[in-house]
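Trainee:
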Amino acid sequence: MNTPEYVRWNGLAVRRPDDVRKTAGGRIPLSWQMEKRVKHVDRLMNRTLPADFPDLVERGGADDVLAVLALSESIRRDLTARRGGDIREAILLGATWAEVAAAMDTTPDEARAVLRDWTDRQHSLIQTGATPDEAQPRGVEEDRHAAVLALIEMADGRRTETGRHD
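If you want the working numbering, it's the 1-based position in the sequence shown plus 110.
(1) Jot down the residue ranges of each uninterrupted alpha helix (DSSP H) in the segment 179 to 220, minimum 4 residues, whole runs only, in chain order.
(2) Where does R137 sit, in a helix, a strand or coil, going by DSSP?
(3) So what does R131 bridge to, in DSSP terms?
(4) Locate the alpha helix (DSSP H) running through D253, then write down its first and last residues.
(5) How would you call V167, buried or exposed, if buried means at least 16 neighbouring beta carbons within 10 angstroms?
(6) Quick check on the DSSP output: the alpha helix (DSSP H) that includes G121 runs from which residue to which?
(7) Would the segment 199 to 210 and the segment 181 to 189 be scored as touching if the rule is three or more Cβ pairs under 8 Å?
(8) Just the Cα atoms here: how many angstroms apart are I201 and L159?
(9) Rounded to the nearest angstrom, how far is the Cβ of R147 from that of I138, given a contact under 8 Å?
(10) Express the C-alpha separation of E183 and A256 in angstroms, rounding to a whole number.
(11) How should A213 be labelled, buried or exposed, when 16 other C-beta atoms within 10 angstroms of its C-beta is the threshold for buried?
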């Protein structure tokens with residue numbers, strides 16, 4: 111990949127989780143974040159090689175550790191932000207609450223609470239309104255919010271019609 115945003119990202123020194131944003135403020139794809147994190151971890155692992163290692167290797171330092179910490183936190187935040195949407199997707203595609211809970215190593219009620227928090231936050235975004243320069247409003251409208259709340263009320267073992275997605 112050689113887009114201007116990707117080139118900018120590859121040259122960016124990450125020291126804080128908030129450094130991990132596109133020029134326009136959007137999220138950097140998780141795959142890009144992981145790729146950068148792996149490069150820093152590889153350099154840090156090279157520190158364990160013997161001093162007389164025959165190949166030329168780049169050995170990591172404090173900047174690499176700081177980048178790993180910042181990237182790890184950014185990745186954690188991004189995964190957490192997406193969690194509710196992933197739960198919604200699983201239920202819409204036919205998973206039961208019991209299956210979702212097992213995948214999350216939690217209870218169905220705790221999984222429901224994550225989805226409820228996510229949908230309520232999404233709904234509050236639409237209520238605040240889009241800014242004039244936004245092509246699409248952020249968040250979910252009343253009917254989609256109500257549909258997610260209905261999913262939350264489904265019994266633990268009940269499935270939606272698989273493949274149905276709004």
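Don't be surprised by glycine CBs; every beta carbon is placed ideally from N, CA and C.
Mentor: Let me lay it out:
(1) 207 to 214
(2) Residue numbering aside, residue 137 sits at position 27 when the sequence shown is read from its first letter. It is a strand residue.
(3) Position 21 of the sequence shown, counting from 1, holds the residue named residue 131. R131 pairs with R137.
(4) Counted from its first residue, the sequence shown places residue 253 at position 143. Run containing D253: 252 to 262, per the alpha helix (DSSP H) assignment.
(5) The residue you call residue 167 lines up with position 57 of the sequence shown. Result: exposed.
(6) Along the sequence shown, read from residue 1 onward, the residue named residue 121 stands at position 11. Residues 114 to 121.
(7) no
(8) Here residue 201 refers to the residue found at position 91 when the sequence shown is read from its first residue. Here residue 159 refers to the residue found at position 49 when the sequence shown is read from its first residue. Whole-angstrom Cα-Cα distance: 47 Å.
(9) Here residue 147 refers to the residue found at position 37 of the sequence shown. Here residue 138 refers to the residue found at position 28 of the sequence shown. With 8 Å as the limit, R147 and I138 do not qualify as a contact, their Cβ atoms being about 11 Å apart.
(10) By one-based count along the sequence shown, residue 256 stands at place 146. By one-based count along the sequence shown, residue 183 stands at place 73. Distance between the alpha carbons of A256 and E183 is about 32 Å.
(11) Numbered from 1 along the sequence shown, position 103 holds the residue referred to as residue 213. Answer is exposed; the Cβ neighbour count stays below 16.
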